[in-house]
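Student: Handing you a structure now.
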Amino acid sequence: MKRRRRTEILVRGSEKLAESLFEEIEKKYEIKMIEKPNTGLVMVKMRESAKNSLFYLGEVLVTEVKVQINKKFGLGIVKGYRPDLAYWLAVIDAAYNSNLEETNAWKKMLVEEEKRIKKAESLKEAQILKTKVNFETMKEG
C-alpha cells in the first residue's frame with residue numbers, strides 16, 4: 001500500500017487504529033525522536049480553472065514529527081495541532097520504511113478502515129442529497 005493512501009486512511013479514519021498500530025511498534029522497537037512535534041504553516045495551492053493558473057489560497061497550521069527506527073526515517077504531518085497523531089503517523093511511516101514484519105498484517109486493517117470511511121461518506125452524501133431541491137419539478141404558484 002502506498003504511503004499517500006495509507007496516511008489518508010489513518011488521518012480520515014479512527015484515531016484508535018493509528019494508535020494501536022503505533023503501540024504495536026512501540027512495544028518491540030526503539031523509536032528515536034529526530035524532530036519533536038512542532039507546528040508550522042503550509043501554503044495551500046489552488047488551480048484557477050478559467051486561466052488554468054496556480055494561486056495560493058492561504059495557509060494551514062500543521063503539526064510535524066520526524067522519527068527513526070532501525071536507521072530508517074518516518075515522517076508524520078497532520079493538519080491542525082495534533083501532536084499525538086503526527087507522532088503515531090511518523091512511527092507507522094518509519095515501520096513501513098524499515099519493512100518491519102508487523103506491517104504485513106496492517107494492510108487488511110487499513111483496507112477495512114478505508115471501506116468504513118467510504119461507507120460513512122456515502123451515507124452522509126445520501127443524507128445531503130435528500131435535501132437537494134429539484135428546480136425542474138417546482139411549479140410557479
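Residue numbers are given in the numbering used here: position 118 of the sequence shown equals residue 118, and the series is strictly consecutive.
Yeah, the Cβ is synthetic: ideal placement off N, Cα and C, and Gly gets one too.
Between the Cα of residue 109 and the Cα atoms of 25, 72, 133, 17, which residue gives the shortest distance?
Tutor: For residue 109, the nearest C-alpha among the options comes from 17.
Student: Measuring CB atoms only, is the stretch 104-121 touching the stretch 30-45, in the sense that at least three cross pairs come out at less than 8 Å?
Tutor: No: fewer than three Cβ pairs fall under 8 Å.
Student: Report the three-state DSSP secondary structure of residue 195 (helix, strand or coil).
Tutor: Any answer about residue 195 is impossible in this case: the structure gives the chain only from 1 up to 141.
Student: Could you tell me whether the stretch 67-81 touches the stretch 93-109, where touching means 3 or more Cβ pairs closer than 8 Å?
Tutor: Touching, yes.
Student: For the candidate residues 125, 114, 129, whose alpha-carbon lies nearest to that of residue 1?
Tutor: Among 125, 114, 129, the Cα nearest to that of residue 1 is on 114.
Student: Does the stretch 5-19 come close enough to the stretch 74-89 to have 3 or more Cβ pairs within less than 8 Å?
Tutor: Contact holds: three or more Cβ-Cβ distances are below 8 Å.
Student: Drop a sphere of 10 angstroms on the beta-carbon of residue 130, count the other beta-carbons inside from all chains shown, and report buried for 16 or more, exposed for fewer.
Tutor: Residue 130 is exposed by the Cβ-count criterion.
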